[in-house]
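Notes follow the structure.
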Amino acid sequence: MRLDCHLFHCRSNKKHRVTTVRFLHTADWQLGKVFGGIADPHNRVLVQHERLAVIERLGEVARAGGAQFVVVAGDLFDSPSATKATVAAACAAIGRLGLPVFAIPGNHDHGGPGSLWEQAFFQRESTALAPNLRVLLSAEPINVAGAVLLPCPLLRRHESADATAWLRALDWTTLGAGPRIVLAHGSVQGFAEEEGAVNRLDLGRLPAAEIDYVALGDWHGTKQIDERAWYAGTPEQDRFAKGESNEPGHVLLVTATRGALPKVERVRTARLRWHRLDFQFSADADLARLETEVDTLLGQRAQQDLLELTLRGELGIDASTRLDSRLEAWSARLLRLNQTRDLRIAPTRDEIEALTLRVGDPLIARVATELLARAGSGEAAAAPAFEALRELHALCRA
Amino acid sequence: MNSTRSAAPEISAMRLEAITIRNYRLHHALTVELDPARTLIGGPNESGKSTLIEAAHRALFLRAKTGGEVQRGMISRTHGGHPEVELVFTTRGRQWRLLKRFSGAGGTATLTEIGGQSWSGAEAEEKLHDLLGTEAIGASASKLREQWAHLWVWQGCAGDDPTAHANTHRSDLLTRLQHEGGAAVVQSQNDQRVAEAVAKRFGELFKDNGDARAGSSLATAEAEETRATEALATAQQALARLDRAAGDFLAAEDAIRAATEALGQLQPQQHAVEEQLMRVAVLRSDEKLQQPAAAAATQRFAAAGEADTRIRRLRTEGAEAAAALAPLEAETAILITTEAERSRQAFEAEKAVDDANHAVSAVRLAGDLAAAQVQRFDKAATLDQVRARLSQVRGIREELRKLEAALAEVPSITGPKLTALQKLEREIGETTAARDAMAAGLEVLAADQSVRLGDRTLAAGTNEILSEETVLEIGTGVRLLIRPGGGTSLIDARQRVRTAEENLRRELDRIGLATVDEAGQALAKRQELASQIKAATVRLDAFGAEQIEEQFSVAEQASAAAEADVQRRIALAPPADLPATLDAAREQSRVAVERLQQAERTAGAANAERKAAAERLQEARVKLAAHTQAIQRSQHAATDLGARLRQLVENHGEDDARARLLADLTGEKAAADAVLTATRAALAELQPELLERDRERLARALSQHANALREAEERRALARGELQRDGTTDPHADLALAEERLRNARSQSEREQQRAEAVRLLSELFQAEQRALAEQFTRPLAARISRYLECLFGPGARAEVTLEAQNFSGLHLIRPGHADEAYAFEYLSGGVREQLAAAVRLALAEVLAETHDGCLPVVFDDAFAYSDPDRVQVLQRMLDVAADRGLQIIVLSCNPADYATLGAKQVTLRSETRPLVAPVKSVAPPAPVLPAAMPTVSSVAAPFNPNRPPTPAPPTTTPKIPHSPSPPAPRASVSATPGPVDGQRRDELLFRLHVLGGSTDDHTLRDDLGWSTETYETVKAELLAAGQLRAELTKGGSVTLAE
């Protein structure tokens, strides 16, 4: 990578006419995201901090890859009303990158009235800490660093018009000689249909020959759309990913040349791991299997993983108690344990007998029998009956 | 629950056989024997029924050594000795005799198994309670009464909820009931522990009303959910404010854009309008100059035209005036002639008036003379009349003068004076009569001789009255002295006669009359004259004598004046003839008046004619003058017209010259008008009014859009201000956090609710199962109660009792005909309550009796006070059934007749009048006042009040109480060896000694027995001799039972 970079510089210098540039394409930093789902405040701060820390790592990639500048395709901030603390931290991190950073507002940090970008404190902090940052709020071509940037900023959270529409009417002959890089944020037609009818980008209507790279943001996984268009994805994962193909946690090192297809290199930048595990219990013995699976996922790490655990099936009362204690232990190692339970705590035969066949304790036996009857009814009464059985079981043990 | 399995004490059928009490409150000594099944103890209030049954209860349950209030309350106020109770009862198949003497710390207890062992003191108490399966109770009266409270229905407690008693005997009852319920399940300790743990968990989570308890995990979770919901709303509001401001900003921008656009379109329009308006101003200036030129030309043309016209018109007018003057002058001559004629007529009318006036004057003079003549005759006649009357008046005056003279001649006598005279005359008569009555009367009837009386001779027929001694001589030789009677009175009488006569004479002399008759005549004469004078005076007045002279003088003057008037008028106008009489004069006057009227009418007509003639003349003159003036005016006008015509022609030229000028002026005028019209057409083309309006309209629109622009800019500035943030918070992040917080709170709350529901479910199930278990126990009891209730309320009546947390409660009654509704005990009427309570007690007794060989005594002390008589009848079925089931029923009633159908053995206690002085040993009662009798209710209401003063009334007796002055009471069934009196006394002594501990001093024992020293010593000696007693030689002596 270092060699490429060297060659790139030589070539451009020699021709005195820069038609190729190298830059980092990133998006969806979502700085200032609160992670309200993480109940533990300490863990929450850790996860929040990691979003800033990844900017440092981006710098390393840029320096290593010989990038001339960085483009952020929207959602630099998680909120259009980020606090000045978030802004200050972000600007400091951007400032430390040491190379030009061009950003467009996305749907999260859109450039509408009252937007973050026009706030005095943002302007103050960015001037002081990040003079290398330039936020592109207007849909007009700019010639920078040997390239022609074509920003398609979002000026409201939900834009019903296509932000790239202005490019359709552009007089391409007036542009500079550098490669033409479109910056846009939103969903691409034919992709992520479920996103709804707003913030749609119709790339098919753009003159492909006139454009050399489309840097997209909004989709948090890294994804190539066509020969020229890529979603960089978020450099540090911020949610449990949907689907197998979703690969967040990367940045793209792009080499773009006017009139040629871009070269795109994907570099992993994420540190935190967001796991999803769907587990089915069919017997109490499955608990051991779960333990193995989770332990494998976590390895020897602590405070670096987040786990979304979906538990299904049936479990005996004792086993469920054991499960609870295991979950508690995992929870300590995880930044977040998100449980979804479709798990029925059903007493085992032994447990049933221990409750119902108590010759000496007729009252307990009768109550337990009644609870079992209700639990087996399959109606709304079943859930509290199961819970009550657990409770009774615990009381009998005490 | 192990206790339920503990072995029941081996207690056999318990029956009371006899109760004996001594020195117990109002009872001195009393024994009552009881039927094994049914006993009815009757007796009026205050007869001691309750006391009897209380005593039996205390013998069973109160330690003999009990002191204090309880013990004091038993002491008799009227009998000596300590209270004693003796019971004979059977249990465990044996007969027992129990004697307790309640004397505080010195109290004694003896229990004897008849025909067997005997216990005393603490041993006896212990044995007794072993037999009864109870514990001895100390001094507390309330604790005491709890003993066998289920069997002992105390007076006044019949309506208490009997489940409380059931709880007292819960252990025994449950044992029995479990036994009856077959293999009834009993909860274990483990069950209990878990149930309690569940209840505790439930109590931690929920309040009694089912709401979450404050501080519980459930309440905390719910509270957090509420707070999170509120926080979310707050965050949403903050963000909504921001969104609104952004919306406002965009809207303001749109408005600014629209306004700017509109302003851009309006401004060119405004310029165009302004240009056109400038053209209008130029044209108007032109018009202003052209208009006067045209006007001047027109005016000149008009002036020339007018002069021409005036000249032509004057010519015409002059000709017309000349033509009009001729007929006017002809008319003038006619008017002058008319005026002359009318002037002549006026003169003639004036003359006629003068003639008429002269005629009137002459006629008036003649008339006046005639009137004067009438006046003259008139006045003369009046004078003659007055004169005649004057003459008459003078005549009357002469007559009057004569009458007054005549009156003056008549003696002056008046009516009263005459009356006085007549009185004086009567006095003379009366005095004379009085004198004559005393005088002697002498009548000479016939005399042939001279009869001389004094110096007078009396002829025959002479009648003489002698009032003084007189000598009567008859003949010569006879001289008689006649002496009238009366003595000096006669002399007085004579004197009075003389006085009277002198008085009359003096009066008559004063008047100047001789006799009274003359006086009468003189008075009559005076009265006549006076009458005539009065008549004359009246006549004079009628003639007006006073004025007549003046009238006469006036009449004379008037007549003279009238005459003078006539003469003056004659001289003025001498008449043709003068009338001779008044009538002639009057006729002349009348004619003169008529003539005057005629002449005056003539004069009036002449005057009217003169006035008309004058008016006509005036009219003619006026007409003439007016006409003359008119002619003059016409003549002047004609002259004037001519002058003006000449002047005009001089000024404007002759006709030809004028015609030329007019033609020139016409051309000039047409040219000026054409220029002006062209200018005006150009102005109209521009529509200046519309242009003005356009200018206003555009100005208005511009102003409006400028305003809109300004306002939008202000709104934008405002919105921008709101959108500006200091960056301390992030509303979007706050919202995201709040949403997440609410989500967490909700899931936490759901988990807690799930757990809480589980606890609630467990709690409900445990309670339900506990109830079900309890029902297994209560069912047999309820069934027993129901059997008794059916006796009372008919088939279908039943009771419900619940056993909850090891407690019997919830006693309910269900009766047929009451819609099967269950009535809680406390809501039943007093009567039904005591009946239900009785049924429950009987059922309890029945259950418990099973550990007593099926028999326990049940005492009802006036227990059905609220029940009506019919129900009391039915009650007896229930009591009878209970007795059949083995219970010993003892009923105490003040109305034993009510229980006649029970078929019970009846014992009657009676009230007795008791002397105030106690028969045996006087114990001064502490109460200072002893009421003659206590009210019945007080004994019912407070039968055990130890402070109650003892009733001084009736000691109670029964048929069994001997009338011997000292106890013991005879015992019908207990006495083992009935024998003579001494035998009984020996037994008594031995028994008492046994009670007192088997050894005591003589004094104490004797005192205890209440015997006399003699009796005591006698019986003691017998026993000593029999070896049943040992004497100890201590101070005062003592005895001990032989071994």
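Residue numbers (the numbering used here), protein chains in the order written: chain A, 2 to 399; chain B, 2 to 1044.
Beta carbons: idealized from backbone N, C-alpha and C, even for Gly.
None of the values given here were measured: they were computed from a predicted structure.
For residue i, which residues in chain A fall below 9 Å Cβ to Cβ?
i	result
residue 745 of chain B	37, 38, 40
Could you check the C-alpha separation between residue i and residue j for me, to the nearest Å?
i	j	result
residue 731 of chain B	residue 744 of chain B	20 Å
residue 100 of chain A	residue 346 of chain A	58 Å
residue 37 of chain A	residue 228 of chain B	16 Å
residue 94 of chain A	residue 22 of chain A	24 Å
residue 342 of chain A	residue 59 of chain A	38 Å
residue 138 of chain A	residue 261 of chain A	28 Å
residue 403 of chain A	residue 228 of chain A	This structure leaves residue 403 of chain A out entirely; chain A is present only between 2 and 399.
residue 223 of chain A	residue 373 of chain A	51 Å
residue 469 of chain B	residue 442 of chain B	11 Å
residue 389 of chain B	residue 376 of chain B	20 Å
residue 514 of chain B	residue 383 of chain B	53 Å
residue 132 of chain B	residue 126 of chain B	10 Å
residue 671 of chain B	residue 291 of chain B	13 Å
Find the residues of chain B that neighbour residue i, judging by a C-beta separation of less than 8 Å, and give them in chain order.
i	result
residue 362 of chain A	188, 189, 191, 192, 195
residue 85 of chain A	727, 728, 729
What first and last residue would you give for the alpha helix (DSSP H) that runs through residue i?
i	result
residue 231 of chain A	From DSSP, residue 231 of chain A is part of no alpha helix (DSSP H) but of the beta strand (DSSP E) over 230–232.
residue 345 of chain B	218–410
residue 287 of chain A	287–299
residue 241 of chain A	Neither: residue 241 of chain A is in no alpha helix (DSSP H) and is coded neither H nor E.
residue 567 of chain B	546–573
residue 827 of chain B	Element bounds for residue 827 of chain B: n/a, residue is neither H nor E.
residue 590 of chain B	583–653
residue 259 of chain A	Run containing residue 259 of chain A: none; DSSP gives neither H nor E here.
residue 686 of chain B	656–687
Under the three-state reduction of DSSP, which class applies to residue i: helix, strand or coil?
i	result
residue 170 of chain B	coil
residue 363 of chain A	helix
residue 792 of chain B	helix
residue 92 of chain A	helix
residue 853 of chain B	strand
residue 279 of chain A	strand
residue 924 of chain B	Note that residue 924 of chain B scores 38 on pLDDT, short of 50, meaning its location in the model is unreliable; the coordinates nonetheless yield the value given after this. DSSP places residue 924 of chain B in coil when its eight states are reduced to three.
residue 157 of chain A	coil
residue 808 of chain B	strand
residue 191 of chain B	helix
residue 933 of chain B	Low local confidence applies: a pLDDT of 36 at residue 933 of chain B is under 50, so the model's placement there is unreliable, with the coordinate-based value given in what follows. Correct three-state label for residue 933 of chain B: coil.
Considering residue i, what are the terminal residues of the beta strand (DSSP E) in which it resides?
i	result
residue 479 of chain B	479–483
residue 148 of chain B	Careful: residue 148 of chain B lies outside any beta strand (DSSP E) and carries neither H nor E.
residue 306 of chain A	306–316
Interface residues of chain A around residue i at Cβ under 7 Å?
i	result
residue 756 of chain B	388
residue 247 of chain B	113, 114, 115
At a CB-CB cut-off below 7 Å, which residues of chain B make contact with residue i?
i	result
residue 385 of chain A	755, 758, 759, 762
residue 33 of chain A	731, 734
residue 367 of chain A	770
Given that residue i touches chain A, what residues does it touch there, using C-beta distances under 8 Å?
i	result
residue 243 of chain B	82, 115
Under 9 Å Cβ-Cβ, which residues of chain B neighbour residue i?
i	result
residue 92 of chain A	Simply none; closest approach about 12 Å.
At least three beta-carbon pairs within less than 8 Å, the region 271–284 of chain A to the region 304–317 of chain A: yes
Inter-stretch contact (C-beta, 8 Å, three-pair minimum) for the region 598–614 of chain B and the region 361–381 of chain B: yes
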